[in-house]
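Each remark here refers to the structure printed beneath this line.
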Amino acid sequence: MCKNSCKVVFLDRDGTMNVEVNYLHRKEDLKLIDGTAEAVRLLNEAGYKVIVITNQAGVARGYYTEADVKILHDYMNEVLERDGAHVDAFYYCPHHPEHGIGLYKKKCHCRKPETGMFEMAERDLPEGIDKVHSYMIGDKLLDTEAGQRFGVTSILVGTGYGAELHKEQQEKGEKPSYDHYAEDLGQAAQW
90 MCKNSCKVVF LDRDGTMNVE VNYLHRKEDL KLIDGTAEAV RLLNEAGYKV IVITNQAGVA
150 RGYYTEADVK ILHDYMNEVL ERDGAHVDAF YYCPHHPEHG IGLYKKKCHC RKPETGMFEM
210 AERDLPEGID KVHSYMIGDK LLDTEAGQRF GVTSILVGTG YGAELHKEQQ EKGEKPSYDH
270 YAEDLGQAAQ W
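So that you can map any letter, position 78 of the sequence shown is 167 in the numbering used here, and since no number is skipped, the others follow by simple counting.
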């Protein structure tokens, strides 16, 4: 329960919390990025709800099932709990507009950079979300764009694809399409 509205840190999963593995769905392939558990624990202790928001096109492509995603998320929380950390909720998009099969082949509102998963989380938190004091952390621009569209501060991390994207934007002299850059989740949590 939150007093008034909830402060939330939305986290991308692959490349942000765990080492990027093509279509991660097996427990034995999960490897948390160094410092992830400590960063999540720090956010827990600071009173933030920690919510994972992840696109899972592997479901759409038929590589694994939604049940596999749920099993992996339960296992991820088991691993985090060994270090006194936890994710409060997991939301995933099983769709893909081009490469999906069957019911999963569709353009949806939940797939980042759309905001459907954020909206689901907001509906599930009766107290609402304090967007001014909430964040989205991810390693891709679609993560940070989704966070900005939802109205929270976005942080690009240098793990996964983030360092390369940050470097490209700096070299081009472009204004970053995110609010803050951090080397990893630990640095983002400290910020």
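All residues carry an ideal CB built from backbone N, CA and C; glycine is no exception.
Can the beta-carbon of residue i be found closer than 8 Å to that of residue j?
| i | j | result |
| --- | --- | --- |
| T248 | T105 | yes |
| L119 | Y153 | no |
| Y250 | M209 | no |
| H185 | R150 | yes |
| L254 | L231 | no |
| L245 | Y270 | yes |
| K264 | A235 | no |
| N93 | E216 | yes |
Within 10 Å of its beta-carbon, does residue i have 16 or more other beta-carbons around it, so buried, or fewer, so exposed?
| i | result |
| --- | --- |
| Q145 | buried |
| I190 | exposed |
| V110 | exposed |
| L113 | buried |
| R115 | exposed |
| E117 | exposed |
| V148 | buried |
Could you tell me the alpha carbon to alpha carbon distance between residue i and residue j, rounded to whole angstroms?
| i | j | result |
| --- | --- | --- |
| A135 | C91 | 12 Å |
| D177 | D101 | 14 Å |
| P183 | Q237 | 22 Å |
| S266 | E170 | 33 Å |
| C199 | E260 | 32 Å |
Which one of the options has the shortest CA to CA distance from residue i?
| i | options | result |
| --- | --- | --- |
| F239 | E263, Q259, M206, A252 | M206 |
| I218 | K159, I140, I122 | I140 |
| K256 | G147, H175, D228, A277 | D228 |
| A192 | E203, H162, V221, E155 | First, the residue type needs correcting, since residue 192 is Leu and not Ala in the sequence shown. Ranking E203, H162, V221, E155 by Cα distance to L192 puts E155 first. |
Determine, using beta carbons only, whether residue i comes closer than 8 Å to chain C.
| i | result |
| --- | --- |
| Y224 | Absent from the structure is chain C; it holds one protein chain and no more. |
If you drop the 5 nearest sequence neighbours on each side, which residues of the same chain put their C-beta closer than 8 Å to that of residue i?
| i | result |
| --- | --- |
| K138 | C91, C95, K96, V97, V98, D177, A178, L214 |
Enumerate in chain order the residues of its own chain whose CB-to-CB distance from residue i is below 7 Å, with the five nearest sequence positions on each side excluded.
| i | result |
| --- | --- |
| G275 | G124, E127, A128 |
| K196 | P186 |
| D268 | T242, S243, I244 |
| D273 | I122, G124, V246, G247, T248 |
| N166 | H175, V176 |
Below 6 Å CB to CB, which residues in the same chain sit around residue i once its five sequence neighbours on both sides are set aside?
| i | result |
| --- | --- |
| V158 | Q145, Y181 |
When every heavy atom of the ligand MN is checked, does at least one fall within less than 7 Å of the C-beta of residue i?
| i | result |
| --- | --- |
| K264 | The model depicted lacks the ligand MN and carries no ligand whatsoever. |
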